[in-house]
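*Asks:*
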Amino acid sequence: AQSVTQLDSQVPVFEEAPVELRCNYSSSVSVYLFWYVQYPNQGLQLLLKYLSGSTLVKGINGFEAEFNKSQTSFHLRKPSVHISDTAEYFCAVSERSNDYKLSFGAGTTVTVRA
Amino acid sequence: GAVVSQHPSWVICKSGTSVKIECRSLDFQATTMFWYRQFPKQSLMLMATSNEGSKATYEQGVEKDKFLINHASLTLSTLTVTSAHPEDSSFYICSARSVQGPPTGEQYFGPGTRLTVT
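For the protein sequence lines, the chains are H and V, in the order given. Just add 4 to the spot in the first sequence (first one is 1) and you have my numbering. Just add 1 to the spot in the second sequence (first one is 1) and you have my numbering.
1. May I have a chain-ordered list of the beta strand (DSSP E) segments no shorter than 3 residues that lie completely inside the stretch 10 to 40 of chain H?
2. Taking only beta-carbon atoms, is F18(H) less than 9 Å away from chain V?
3. Per DSSP, what are the beta-bridge partners of N72(H) in this structure?
4. Note down the Cα distance separating Y104(H) from T50(V), rounded to an integer number of angstroms.
5. Using a Cβ-Cβ distance cut-off of 9 Å, determine whether N28(H) contacts chain V.
6. So D89(V) packs on L116(V), CB below 8 Å; how close in whole Å?
7. Using 9 Å as the limit for Cβ to Cβ distance, is F108(H) near chain V?
8. Nearest by alpha-carbon distance to E92(H): which of L60(H), P44(H), A118(H) and S7(H) is it?
9. Determine the DSSP secondary structure at S101(H), reduced to helix, strand or coil.
10. Should V33(H) be flagged as near chain V, meaning a C-beta pair shorter than 9 Å?
11. For S98(H), return the contacting residues in chain V, with the cut-off set at a CB-CB distance below 9 Å.
12. Restricting to Cα atoms, I'd like to know which of V33(H), P83(H) and Y29(H) is closest to R100(H).
13. Flag L25(H) as yes if its beta-carbon sits less than 9 Å from any beta-carbon of chain V, otherwise no.
14. From this set, G54(V), P87(V) and F40(V), which residue's C-alpha is nearest A110(H)'s C-alpha?
15. How is the beta strand (DSSP E) around V116(H) delimited, first residue to last?
16. Given a threshold of 16 other Cβ atoms within 10 Å of its Cβ, counted over all protein chains shown, does D139(H) qualify as buried or as exposed?
17. Does Q49(H) come within less than 9 Å of chain V when only Cβ atoms are used?
18. At 3 residues or longer, and completely inside the stretch 23 to 73 of chain V: list those beta strand (DSSP E) runs for me, N to C.
19. Once DSSP output is grouped into helix, strand and coil, what is the label at S96(V)?
20. Work out the CA separation of L50(H) and I22(V) for me, nearest whole Å.
21. I need the straight-line Cα distance from W11(V) to S107(H), nearest angstrom please.
22. Between N45(H) and the ligand ADP, is there a pair consisting of the residue's CB and a ligand heavy atom that are separated by less than 8 Å?
23. Can you check whether the C-beta of I94(V) is within less than 9 Å of a C-beta belonging to chain H?
24. Could you tell me whether the Cβ of T79(V) comes closer than 9 Å to any Cβ of chain H?
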């Protein structure tokens, strides 16, 4: 069974600075990878996904992530954050053996300060 | 596209009463919908998988008689919390998987329902 580890529970960052949120997964088979963002008291919004092809994936709001199969990682990055990027970020994995259900990481709280 | 709605967005009920939460896929058909529960500052916990026209599959530890799930059509699933108690207070989120395209696991999430049991 796959598991997802988000290595940072909280990431404080200054406005216009870069940010990286780390995500590692454990699976020996092909997986699909997702990053979701959750604003307070809201549902989850898809930021980006890796299904196949190029390992560098670009998403909404200037976010991108890189799939690294050898390191089983899918780290999320943004070169310059805004106050509005303050939110909870979840990495998720799905695979065929689990009927493509999503397994979520514990989440990373990003707080952007002026 | 791929919009999922939930109703109500928040509800307060008295202990012992039942509450129904609706989850609708507005612009696509979903054979599979999921129900999650989220505690403050925590990740999502999958409660059950709802398949259109069949019984829901509950995750280990989730009481199926307490959390009744019905998926009567390709666009609607409901979660009924029966005989609610204060410990059932939580944020409930549904999601839907589109019938179109190969399976990838991508889910579209509703905005969530905040349940408070007094």
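Using N, Cα and C, we set each Cβ at its ideal position, and we do this for glycine too. Since the model is a prediction, treat every value here as computed from it, not as a measurement.
*Replies:* Straight from the coordinates:
1. 14 to 18, 23 to 25 and 27 to 30
2. no
3. Looking at the DSSP assignment, N72(H) forms a beta bridge with S77(H).
4. 11 Å
5. Not one chain V Cβ lies under 9 Å of N28(H).
6. 7 Å
7. Chain V has a Cβ within less than 9 Å of the Cβ of F108(H).
8. Nearest in C-alpha terms to E92(H), of all of L60(H), P44(H), A118(H) and S7(H), is P44(H).
9. Note: S101(H) maps to helix in three-state DSSP.
10. no
11. For S98(H), the chain V residues whose Cβ falls inside 9 Å of its Cβ are P104, T105, G106, E107 and Q108, in order along the chain.
12. Taking R100(H) as reference, the option from V33(H), P83(H) and Y29(H) with the minimal CA-CA separation is V33(H).
13. no
14. F40(V)
15. T112 to R117
16. Outside the modelled stretch of chain H, which goes from 5 to 118, sits residue 139(H), for which no answer is possible.
17. Yes, Q49(H) counts as interfacial toward chain V.
18. Taking 3 residues as the minimum length, the beta strand (DSSP E) runs contained wholly in the stretch 23 to 73 of chain V are 33 to 39 and 45 to 52, in order along the chain.
19. strand
20. 23 Å
21. 26 Å
22. Ligands displayed in this structure: none; no statement on the ligand ADP is therefore possible.
23. Taking Cβ atoms only, chain H reaches closer than 9 Å to I94(V), which makes this a yes.
24. Not closer than 9 Å to any Cβ of chain H, the Cβ of T79(V) fails to qualify, so no.
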